[in-house]
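A.B. asks: For any residue, its number in this note's numbering is found by taking its place in the first sequence, counting from 1, and adding 6. Backbone N, C-alpha and C fix where the C-beta goes; we use that ideal spot for every residue, glycine too. Next up is a structure, given as structure tokens.
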Amino acid sequence: MSVVTRFAPSPTGFLHIGGARTALFNYLFAKHHGGRFLLRIEDTDRKRSTDEAIQAILHGLSWLALDWDGDETYQSHNADRHREVAEQLLAEGKAYRCYCTPEELAEMREKARESGGSTRIYDGRWRDRDPAEAPAGVDPVIRIKMPLDGETTIADLVQGEVTRTNDTLDDFIILRSDGSPTYMLAVVVDDQDMGVTHAIRGDDHLNNAFRQHHLFAACGWETPVFAHIPLIHGADGAKLSKRHGALGVEAYEEMGFLPEAVCNYLLRLGWSHGDDEIISRDQAIEWFDLANVGRSPARFDMDKLSNLNAHYLKDAAPLRLAAIILADAEAAGTTVSPAAEERLVAGMPGLVSRAKNTHELYDLSKFYLSDTPITMNNKARDALDGDGAHEVLSALAERLGEATSWNEDALDGIAREFAESRDMKLGKVAQPLRAALTGSNVSPSIFEVMAVLGRDETLARLENARN
RNA sequence: GUCCCCAUCGUCUAGAGGCCUAGGACACCACCCUUUCAAGGUGGAGACACGGGUUCGAACCCCGUUGGGGACGCCA
């Protein structure tokens with residue numbers, strides 16, 4: 007049997023980080039087994055679904071490189087099919103029309119809570135009632151008949167065997183009074199029609215699994231294998247909710263994170279492979295296994311994500327990073343000369359170990375991006391105004407002008423020789439030099455900077471700093 | 001309230017009865033490296049929620065307590 011998984015978000019908000027992890031696990035599980043990973047947009051609630059949210063989900067998944075197989079399906083397009091199944095169930099006596107009003111339901115809810123708080127709300131009053139007694143002018147809903155006694159056990163790939171007595175399950179609605187299918191019905195029918203073999207989702211759906219299992223059975227279909235993964239919690243331990251700072255994946259993109267860092271982080275949240283921390287996509291596909299998914303919720307830790315991001319930044323190709331930085335520069339309205347662009351790429355190795363995200367990288371790279379009259383920060387100005395800095399720089403510039411080769415090692419040698427000849431500490435030479443060349447007191451190795459800048463630009467900045 | 005799930009350093013986790021005086025990672029501290037800042041290297045502090053069993057032996061198995069989470073919609 008070939009494995010088919012699906013990610014089924016409802017487009018009522020953005021693709022949040024928990025959803026991204028659910029998608030990741032579905033993707034990995036399918037790929038690990040050589041199966042297919044499908045995407046289904048659960049837009050049965052037409053009022054709350056937005057096109058904007060759909061685009062955000064599609065974009066988020068693409069950014070994370072969680073490519074789904076085939077076209078995405080839209081649940082709302084299958085409403086006729088859902089209705090047909092409901093009617094079929096009705097014809098077979100496995101479902102029935104219920105004429106209860108919202109007020110009656112509210113009463114039942116109240117009653118259930120008062121008399122011990124049972125989970126079973128609806129009392130099944132229309133289950134065996136003669137339809138002839140139906141009140142006029144009330145559009146009925148269709149409810150599925152759930153077993154009255156006994157118990158149901160779900161063999162969950164993550165949670166293990168979970169058993170629940172059937173008297174806690176009430177006859178739930180599968181078709182609304184306006185004829186539209188509910189989520190419960192739509193999920194079951196679509197999973198069946200799409201050939202889904204494994205439903206991997208957040209464990210907030212664990213309770214639904216019992217209901218859906220009986221719906222599958224009523225339809226005469228085999229229930230897919232369930233895997234309910236724990237939710238991601240915020241730093242405070244509570245469910246990561248929208249109002250609680252849960253961000254869409256696009257927010258992480260905007261914060262300067264790399265998609266592979268986000269995926270790696272999400273993968274290790276609740277799943278592990280021995281002591282491995284840095285895991286590539288290929289390794290993840292090879293190693294991923296639902297059996298190693300933990301059963302307890304994990305808290306989201308921005309520091310660890312940042313650390314992983316710093317790691318992947320160091321691994322990333324300079325050209326790719328340069329493109330991201332140039333986009334930042336463009337957004338800031340900065341024009342970058344071709345020469346500066348070259349410097350940026352050449353200087354990337356020295357920049358990248360100093361940044362945790364692409365915005366920091368952008369900030370760090372500004373002295374490469376601009377041409378000669380560069381902006382100076384206060385500390386750089388102080389260094390330049392310091393005792394004899396101008397004189398040191400001018401003497402060094404002269405010495406540099408005579409350099410026969412222009413590379414990091416040679417430059418390093420020249421500077422050391424120069425400092426020694428004047429009985430100065432290297433730092434006394436390097437700091438003013440750094441200030442003049444980068445406009446800052448902090449930068450990559452100043453010799454690397456000179457090598458990247460080239461002789462002309464270096465000398466020009468030195469000249470400029472003395473004026 | 002009812003049902004379901006969970007419980008190892010601050011956080012993510014390894015651990016599937018003896019390999020555990022509990023390992024790794026992030027964060028934290030110190031030192032080293034060093035022209036600055038990072039990165040890197042070395043070291044340090046830091047956990048089996050509690051109480052009962054079972055067993056020659058329990059972080060691992062069972063029960064209970066406590067704590068946390070999730071679900072109880074004509075939302076998904």
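1. Does the structure place the stretch 452-472 close enough to the stretch 337-357 that three or more beta carbon pairs sit under 8 Å?
2. Would you say A14 and E48 are within 8 Å of each other, going by their C-beta atoms?
3. Restricting to Cα atoms, I'd like to know which of R217, F263, L21 and R428 is closest to D176.
4. Can you tell me the Cα-Cα spacing of N213 and T174, whole angstroms?
5. Going by beta carbon distance, what residues of the same chain come within less than 6 Å of A118, once the five residues before and after it are set aside?
6. Check this for me: beta carbons of D162 and H220, under 8 Å apart or not?
7. Is the stretch 73-92 in contact with the stretch 312-332, if contact means three or more CB pairs nearer than 8 Å?
8. Would you kindly work out how many angstroms separate the C-alpha atoms of G262 and N363, rounded to a whole number?
9. Could you compute how far the alpha carbon of A215 sits from the alpha carbon of G166?
10. Please identify the residue among G185, P230 and T159 whose C-alpha is closest to the C-alpha of V194.
11. With distances taken from CA atoms, which of H279, S449, E469 and C104 is nearest P355?
12. Let's test the definition: count the other Cβ atoms within 10 Å of the Cβ of D197 and tell me whether it reaches 16, buried, or not, exposed.
13. For K245, does the three-state DSSP call read helix, strand or coil?
14. Since V358 contacts I23 with CB under 8 Å, what's their CB separation in whole angstroms?
15. Taking Cβ to Cβ, would you say L21 is nearer than 8 Å to L72?
16. Under DSSP, the beta strand (DSSP E) around F43 begins and ends at which residues?
17. Should M308 be labelled buried (16 or more other beta-carbon atoms within 10 Å of its own) or exposed?
18. State the start and end residues of the unbroken beta strand (DSSP E) segment that holds T171.
19. Using a Cβ-Cβ cutoff of less than 8 Å, which residues in the same chain neighbour L95 once the five nearest sequence positions on both sides are dropped?
20. On the CB-based measure, 16 or more other CB atoms within 10 Å of its CB, does L154 come out buried or exposed?
21. Would you mind reading off the limits of the alpha helix (DSSP H) that contains Y128?
22. Assuming contact is defined by CB atoms lying nearer than 8 Å, are G407 and L465 in contact in what I supplied?
23. Measuring CB to CB, does V342 end up less than 8 Å from T203?
24. Can you check whether the CB of F35 is closer than 8 Å to the CB of I160?
25. Please name the residue or residues paired with C104 in a DSSP beta bridge.
26. Is the beta carbon of A441 closer than 8 Å to that of A401?
27. Verify the contact flag: S302, CB atom, against every heavy atom of the ligand SAM, threshold strictly below 7 Å.
28. Output the distance between the C-alpha atoms of G353 and K434, rounded to the nearest integer angstrom.
29. Around the C-beta of L311, are 16 or more other C-beta atoms found within 10 angstroms, so that it is buried, or is it exposed?
30. Which first and last residues belong to the alpha helix (DSSP H) in which D307 is found?
31. If you draw a straight line from the C-alpha of G419 to the C-alpha of R467, how long is it?
32. Over the uninterrupted alpha helix (DSSP H) stretch that includes D388, give me the two end residues.
33. Can you tell me whether H39 is helix, strand or coil according to DSSP?
34. Output the distance between the C-alpha atoms of A241 and F306, rounded to the nearest integer angstrom.
35. Below 8 Å on the Cβ atoms is my guess for S82 versus R52; work out the distance and round it to an integer in Å.
36. Have a look at L275, T378 and L191 and flag the residue whose alpha-carbon is nearest the alpha-carbon of A85.
C.D. replies: From the atom records:
1. yes
2. On the first sequence, residue 14 is found 8 positions in, with the first residue counted as 1. On the first sequence, residue 48 is found 42 positions in, with the first residue counted as 1. Cβ distance < 8 Å, so A14 and E48 count as in contact.
3. Locating residue 176 in the first sequence gives position 170, counting from the first residue. Answer by Cα proximity: R217.
4. As a position in the first sequence, residue 213 is number 207, starting the count at 1. As a position in the first sequence, residue 174 is number 168, starting the count at 1. Those two C-alpha atoms are separated by around 10 Å.
5. Within the first sequence, the letter at position 112 stands for residue 118. Only S124 and I127 meet the Cβ criterion.
6. For the purposes of this step, residue 162 is taken as residue 156 along the first sequence, with counting starting at 1. For the purposes of this step, residue 220 is taken as residue 214 along the first sequence, with counting starting at 1. Result no, Cβ atoms of D162 and H220 do not sit closer than 8 Å.
7. no
8. In the first sequence, residue 262 corresponds to position 256, counting from 1. In the first sequence, residue 363 corresponds to position 357, counting from 1. For G262 and N363, the distance between alpha carbons rounds to 5 Å.
9. Sequence index remark: in the first sequence, residue 215 carries index 209 (1-based). Sequence index remark: in the first sequence, residue 166 carries index 160 (1-based). Each residue's Cα considered, the two are about 13 Å apart.
10. Looking up residue 194 in the first sequence gives position 188. Ranking the options by Cα distance to V194, first place goes to P230.
11. As a first step, residue 355 must be located in the first sequence, where it is residue number 349. Ranking H279, S449, E469 and C104 by Cα distance to P355 puts S449 first.
12. For the purposes of this step, residue 197 is taken as residue 191 along the first sequence, with counting starting at 1. So D197 counts as buried.
13. Position 239 of the first sequence, counted from the first residue, corresponds to residue 245. K245 falls in the strand class under three-state DSSP.
14. The count along the first sequence starts at 1 and reaches residue 358 at position 352. The count along the first sequence starts at 1 and reaches residue 23 at position 17. Actually they are not in contact, since the Cβ atoms of V358 and I23 sit about 25 Å apart, beyond 8 Å.
15. Within the first sequence, numbered from 1, the residue matching residue 21 stands at position 15. Within the first sequence, numbered from 1, the residue matching residue 72 stands at position 66. Contact flag unset, no.
16. Taking the first sequence and counting its residues from 1, one reaches residue 43 at position 37. From DSSP, the beta strand (DSSP E) with F43 extends over R42 to I47.
17. As a working mapping, residue 308 is identified with position 302 in the first sequence. Label assigned to M308: exposed.
18. Along the first sequence, one-based indexing puts residue 171 at 165. Note, T171: beta strand (DSSP E), G166 to T171.
19. Reading the first sequence from its first residue, position 89 is the one you call residue 95. For L95, where only same-chain residues beyond five positions count, the Cβ hits under 8 Å are A101, I148, I150, I180, A224 and C225.
20. As a first step, residue 154 is located in the first sequence; it is residue number 148 there, counting from the start. Label assigned to L154: exposed.
21. For this step, residue 128 is matched to residue 122 along the first sequence. Element bounds for Y128: n/a, residue is neither H nor E.
22. Translated into positions along the first sequence, residue 407 becomes position 401. Translated into positions along the first sequence, residue 465 becomes position 459. Against a cut-off of 8 Å, the Cβ pair of L465 and G407 comes out as a contact.
23. Residue mapping note: residue 342 aligns to position 336 of the first sequence, counting from 1. Residue mapping note: residue 203 aligns to position 197 of the first sequence, counting from 1. Cβ atoms of V342 and T203: not closer than 8 Å.
24. On the first sequence, residue 160 is found 154 positions in, with the first residue counted as 1. On the first sequence, residue 35 is found 29 positions in, with the first residue counted as 1. Contact flag unset, no.
25. The count along the first sequence starts at 1 and reaches residue 104 at position 98. According to DSSP, C104 bridges with V147.
26. Within the first sequence, numbered from 1, the residue matching residue 401 stands at position 395. Within the first sequence, numbered from 1, the residue matching residue 441 stands at position 435. Cβ atoms of A401 and A441: not closer than 8 Å.
27. The model depicted lacks the ligand SAM and carries no ligand whatsoever.
28. For the purposes of this step, residue 353 is identified with residue 347 of the first sequence, where counting begins at 1. For the purposes of this step, residue 434 is identified with residue 428 of the first sequence, where counting begins at 1. Approximately 24 Å, taken between the alpha carbons.
29. For the purposes of this step, residue 311 is taken as the residue at position 305 of the first sequence. Buried, because 16 or more other Cβ atoms sit within 10 Å of the Cβ of L311.
30. In the first sequence, residue 307 corresponds to position 301, counting from 1. D307 -> no alpha helix (DSSP H), and no H or E assigned at all.
31. In the first sequence, counting from the first residue as 1, residue 419 sits at position 413. In the first sequence, counting from the first residue as 1, residue 467 sits at position 461. If I take the Cα positions, the gap works out to 20 Å.
32. Start at 1 with the first residue of the first sequence, and residue 388 comes out as number 382. Its alpha helix (DSSP H) spans residues N384 to D391.
33. To locate residue 39, count along the first sequence from 1; it is residue 33. Coil at H39, not helix or strand.
34. The sequence position of residue 241 within the first sequence is 235, counting from 1. The sequence position of residue 306 within the first sequence is 300, counting from 1. Going by the C-alpha atoms only, they are around 6 Å apart.
35. One-based indexing of the first sequence puts residue 82 at position 76. One-based indexing of the first sequence puts residue 52 at position 46. The pair is a contact, with the Cβ atoms about 6 Å apart (cut-off 8 Å).
36. The sequence position of residue 85 within the first sequence is 79, counting from 1. Taking only the C-alpha atoms, the option nearest A85 is L191.
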